[in-house]
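S.K.: Have a look at this one before I ask anything.
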Amino acid sequence: MRILAILCLPLLSLSSNFAQANSTQYYLSAAQSQPLLVQVHTNKEQHSQTNKITQQTQQTQQPQTHKAKQPASQSNATNDKTGYNDELAKVYNLGVKAYNNKDFATARQHFLQASKQGHVIAKRYLGLMYINGEGVTRNARVAFNYFYQAAKANDAVSLYYVGRAYERGEGVTKNLAKAKSYYQKSASLGNNLANQGLQRLNEQSH
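In this note's numbering, the protein residues as written are 1 to 206.
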């Protein structure tokens with residue numbers, strides 16, 4: 001019996017090491033699978049920003065370092081089905097393709113062109129680029145202005161980012177009452193991140 005026990009000891013040790021290794025690998029995988037919510041700066045914001053977000057955002061009990069992100073339904077979209085004319089939709093779609101390829105200079109050029117012609121989501125993209133510093137110097141004030149323009153057209157995501165700007169005082173004077181108002185508008189349009197923003201504000205008020 002003593003001989004048998006001695007022979008089994010190495011096997012038990014190997015089994016224990018294997019279980020420990022698998023456990024470690026599991027937690028590493030779980031950590032790596034977390035979306036970048038908002039470096040909104042997906043530094044998350046790097047976006048756990050995040051993203052640049054997000055996602056989504058992620059996304060989100062967003063820490064100050066998150067990266068702002070397009071929602072999954074928009075971040076990879078290259079087909080504009082919003083009723084804009086074909087030429088304007090083409091310009092916007094070229095911007096999305098360039099953005100997804102991280103060619104931010106080209107993306108900005110197309111988004112600016114589309115934005116000047118009234119494309120709402122192009123304005124949102126420009127807001128994301130400025131809040132994340134993608135191809136431009138990070139400028140929270142400029143980002144807020146683009147989000148605000150898109151929010152006036154009832155873009156749910158932009159309403160959320162305007163609310164977040166007021167909550168954090170990013171590019172605008174901090175105003176929790178306005179933050180709550182914009183979160184409520186965004187949430188009414190189905191944005192889950194806005195619901196999380198409302199929850200944060202409610203917790204702070206207690």
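Every residue, glycine too, gets a C-beta built ideally from N, C-alpha and C.
(1) Can the beta-carbon of L198 be found less than 8 Å from the beta-carbon of A187?
(2) Please report the Cβ distance between L88 and Q117, rounded to the nearest whole angstrom; I am assuming they are in contact, meaning their Cβ atoms lie under 8 Å.
(3) Does the beta-carbon of N132 have 16 or more other beta-carbons within 10 angstroms, so that it is buried, or is it exposed?
(4) For N202, name the three-state secondary structure that DSSP assigns.
(5) Here's a check: name, in chain order, each residue in its chain whose Cβ is nearer than 6 Å to the Cβ of Q146, leaving out the five neighbours to either side.
(6) For E87, report the span of its alpha helix (DSSP H) as first-last.
(7) Contact check, V120 vs D155 under 8 Å by CB: the rounded distance?
(8) In whole angstroms, what separates the C-alpha of L193 from that of A140?
(9) In whole angstroms, what separates the C-alpha of T189 from that of H206?
(10) Measuring CB to CB, does L159 end up less than 8 Å from Y182?
(11) With distances taken from CA atoms, which of G135, K90 and Q149 is nearest D103?
(12) Cα separation between L163 and A151?
(13) Take the Cβ of N191 as the centre, count every other Cβ of all protein chains shown within 10 Å, and call the residue buried at 16 or more, exposed below.
(14) Quick check on DSSP: helix, strand or coil for A114?
(15) Going by DSSP in three states, T106 sits in which element: helix, strand or coil?
M.R.: So, to answer that:
(1) Taking the first residue of the sequence shown as 1, we reach residue 198 at position 198. Taking the first residue of the sequence shown as 1, we reach residue 187 at position 187. In this structure, A187 lies closer than 8 Å to L198 by Cβ.
(2) On the sequence shown, position 88 is the one that residue 88 refers to. On the sequence shown, position 117 is the one that residue 117 refers to. Right, the Cβ-Cβ distance comes to about 5 Å (below 8 Å), so this counts as a contact.
(3) Here the question's residue 132 lines up with position 132 in the sequence shown. So N132 ends up on the buried side.
(4) Start at 1 with the first residue of the sequence shown, and residue 202 comes out as number 202. Helix at N202.
(5) The sequence position of residue 146 within the sequence shown is 146, counting from 1. Checking the sequence, you will find Tyr at residue 146 rather than Gln. Closer than 6 Å at Cβ, skipping near neighbours: K123, L126 and G127.
(6) Counting from 1 along the sequence shown, the entry for residue 87 is found at position 87. Start and end: D86 to N100.
(7) Here residue 120 refers to the residue found at position 120 when the sequence shown is read from its first residue. Here residue 155 refers to the residue found at position 155 when the sequence shown is read from its first residue. Right, their Cβ atoms sit about 5 Å apart.
(8) By one-based count along the sequence shown, residue 193 stands at place 193. By one-based count along the sequence shown, residue 140 stands at place 140. Whole-angstrom Cα-Cα distance: 20 Å.
(9) Here residue 189 is taken as the residue at index 189 of the sequence shown, counted from 1. Here residue 206 is taken as the residue at index 206 of the sequence shown, counted from 1. Checking the displayed sequence, the identity of residue 189 turns out to be Leu instead of Thr. Each residue's alpha carbon lies about 26 Å from the other.
(10) Against the sequence shown, residue 159 aligns to sequence position 159. Against the sequence shown, residue 182 aligns to sequence position 182. Contact: yes.
(11) As a first step, residue 103 must be located in the sequence shown, where it is residue number 103. When only C-alpha atoms are compared, the closest one is G135.
(12) Along the sequence shown, read from residue 1 onward, the residue named residue 163 stands at position 163. Along the sequence shown, read from residue 1 onward, the residue named residue 151 stands at position 151. Checking the sequence, you will find Gly at residue 163 rather than Leu. One C-alpha to the other measures close to 10 Å.
(13) To locate residue 191, count along the sequence shown from 1; it is residue 191. With 16 or more other Cβ atoms within 10 Å, it is buried.
(14) By one-based count along the sequence shown, residue 114 stands at place 114. Residue state, collapsed to three classes: helix.
(15) Taking the sequence shown and counting its residues from 1, one reaches residue 106 at position 106. Helix, per DSSP.
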